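Numbering (the UniProt record's numbering), first residue to last: 1 to 174. Yeah, the Cβ is synthetic: ideal placement off N, Cα and C, and Gly gets one too. Quantities reported herein were computed from a predicted structural model and do not represent experimental measurements.
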């Protein structure tokens, strides 16, 4: 109590010198050298931080875990529903957060989606290759069938058996 009243007195004295009030002022952020004052400020800010977190949880349903170490090394935690539950959910990836587009493109979910797409594309590419081979085989079959018909037509006119004929038996075409 005495420490806080001396702080208030010091602040009032400083305010009188500058001619400004303690209202909205820009406070420089620097380490507080006085250990007792540092402890008081830490506890006040910690209470405010935990209070704001509790209000955020109550109003929005957010799940929050805060872990703070004091300057002396003492541990302070806040968690809704509990620190352990929030950390467990975070570490297991159950907490979804909106990601930046760059994170999505670099993240494991994108890699998994790419892998799924490639596994779906692989059968499609194989089907396309098989279809192309089928068309080539049909074209070759038509080619062979027409060649056979020509050979049969030529053998009927020359009386040469196409099965037993040698190249010398087939007459030359004009």
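Nearest to residue 70 by alpha-carbon distance, out of 38, 146, 156 and 168, is 38. Closest in alpha carbon position to residue 43, among 77, 92 and 57, is 77. As the crow flies, the alpha-carbon of residue 33 is around 12 angstroms from that of residue 41. Counting only residues of its own chain and dropping the five nearest sequence neighbours on each side, residue 62 has a CB closer than 8 angstroms to the CB of 56 and 80. Beta-bridge analysis with DSSP links residue 75 to 69. Spanning the alpha carbons of residue 27 and residue 59 requires a straight line of approximately 30 angstroms.
Following the DSSP letters along the chain, one finds residue 44 inside the alpha helix (DSSP H) bounded by residues 35 to 60.
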